[in-house]
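*Asks:*
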Amino acid sequence: MQLTQATDYSFRVVLYLASLEPDVVVTAKDIADHEEIPMRYLLKTLRSLVKAGILHSFRGPEGGYALAKKPHEISLLDVVEAVEGPIAINRCFVQADYCTKHWSHMCPVHQALGEIQHKLIQHLAQYNFGDLLQRYQEFRQNSGKCQR
Numbered sequence: 009m010q011l012t013q014a015t016d017y018s019f020r021v022v023l024y025l026a027s028l029e030p031d032v033v034v035t036a037k038d039i040a041d042h043e044e045i046p047m048r049y050l051l052k053t054l055r056s057l058v059k060a061g062i063l064h065s066f067r068g069p070e071g072g073y074a075l076a077k078k079p080h081e082i083s084l085l086d087v088v089e090a091v092e093g094p095i096a097i098n099r100c101f102v103q104a105d106y107c108t109k110h111w112s113h114m115c116p117v118h119q120a121l122g123e124i125q126h127k128l129i130q131h132l133a134q135y136n137f138g139d140l141l142q143r144y145q146e147f148r149q150n151s152g153k154c155q156r
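Once you know that position 128 of the sequence shown is 136 in our numbering, the rest is easy, because the numbers rise by one and skip nothing.
(1) Can the beta-carbon of Y73 be found closer than 7 Å to that of S65?
(2) Does the distance from the C-beta atom of G62 to that of A90 stay below 7 Å?
(3) Pick out whichever of A36, R148 and Q130 has its Cα sitting closest to the Cα of G68.
(4) For the beta strand (DSSP E) containing S56, name the first residue and the last one.
(5) Is the separation between the beta-carbon of H80 and that of G122 shorter than 7 Å?
(6) For V220, count neighbouring Cβ atoms within 10 angstroms of its own Cβ and tell me buried if that reaches 16, exposed if not.
(7) Determine whether the beta carbon atoms of A26 and L141 lie at a separation below 7 Å.
(8) Using DSSP with H/G/I as helix, E/B as strand and the rest coil, what is A74?
(9) Using a Cβ-Cβ cutoff of less than 7 Å, which residues in the same chain neighbour A76 once the five nearest sequence positions on both sides are dropped?
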């Protein structure tokens, strides 16, 4: 199981915008340049984050993007679900009749995967971008430079 590159880009965008002063509006080009994300992927990513209410978009000559919430109010789970949709590590969690044996309610694999999925969601929800930004800033102070 692996998160998509779009999700990785989204993490980078949100962390970058969280590092700026509140309400700073940044153009897509500036985000693409700073985070080294190809523009065609970035625009799709930005649309997903705006649609999910994580970012605001502003039109016009002074337009761009800014966080719609405080960094502490945005979790890794919020970003993953904005880009990839609800987490379901197996299709039987989304569509009960997917299992050809029609016994997911008593399947030991289904039960184990359900526990794993629940813990994954809990862990992604507990990490927010305010805390991640603080970790990043501490790392930069302690190391003198950051390898991204």
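We put the beta carbon where it would ideally sit given N, CA and C, even for glycine. Quantities reported herein were computed from a predicted structural model and do not represent experimental measurements.
*Replies:* Reading from the atomic positions:
(1) The answer is yes: Cβ separation under 7 Å.
(2) The sequence as given places Ile at residue 62; Gly does not occur at that position. Result yes, Cβ atoms of I62 and A90 sit closer than 7 Å.
(3) Closest option to G68, judged by alpha-carbon separation, among A36, R148 and Q130: A36.
(4) Where S56 is concerned, there is no enclosing beta strand (DSSP E), although the alpha helix (DSSP H) it sits in stretches over M47 to K59.
(5) No, the pair does not count as a contact, with Cβ atoms beyond the cut-off.
(6) With the chain covering 9 to 156 only, the question about residue 220 has no answer from this structure.
(7) Yes. Within cutoff.
(8) Secondary structure at A74: strand, using DSSP grouped into helix, strand and coil.
(9) In chain order, G61, I62, L63 and H64 place their CB closer than 7 Å to the CB of A76, counting only its own chain and leaving out the 5 sequence neighbours on each side.
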